[in-house]
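To keep things clear, I will list the structure first and then write my remarks on it.
In my numbering, the protein residues as written are 3 to 140.
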């Protein structure tokens, strides 16, 4: 799994940088890249999540050099693309992000988080910037 900005198409990388800058300047939120380019093995493991048993998902994750997940993490699906050739991630045309704590030491996965303490959902705030930078959010 790649987190490298250089693995993204240059136009997509530029959109990430713009999103990151806007999230900080408008909402005082810090984002980080979690996933850029994916291999077929990684994509297959992600596709299995929420669709296969935990044992099978973790077998596929091990083949892809991904850490195992818990039963709770295996409750929902995270992608609709079965393999990398059917995902924008397989071509460096998509990326996943996380919001980090103000000190940059923690990744925030919690829906409805409010690290910038403005009373609004941090994820919704970052997502509201997607169209402005030419990205599809979701």
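For every residue, glycine included, the Cβ atom is placed at its ideal position computed from N, Cα and C.
The beta strand (DSSP E) spanning residue 35 covers which residue range?
32–37
Please report the residue range of the beta strand (DSSP E) in which residue 100 lies.
98–102
Go through its chain and collect everything with a Cβ distance to residue 77's Cβ below 8 Å, but skip five positions before and after it.
52
Rounded separation between residue 101 and residue 34 - CA only:
6 Å
Give me the residue from 54, 97, 48 with the minimum Cα distance to residue 67.
48
Taking C-alpha atoms, which residue in 134, 111, 6 lies nearest to residue 124?
111
Is it buried or exposed for residue 25, if we count other Cβ within 10 angstroms and need 16 for buried?
buried
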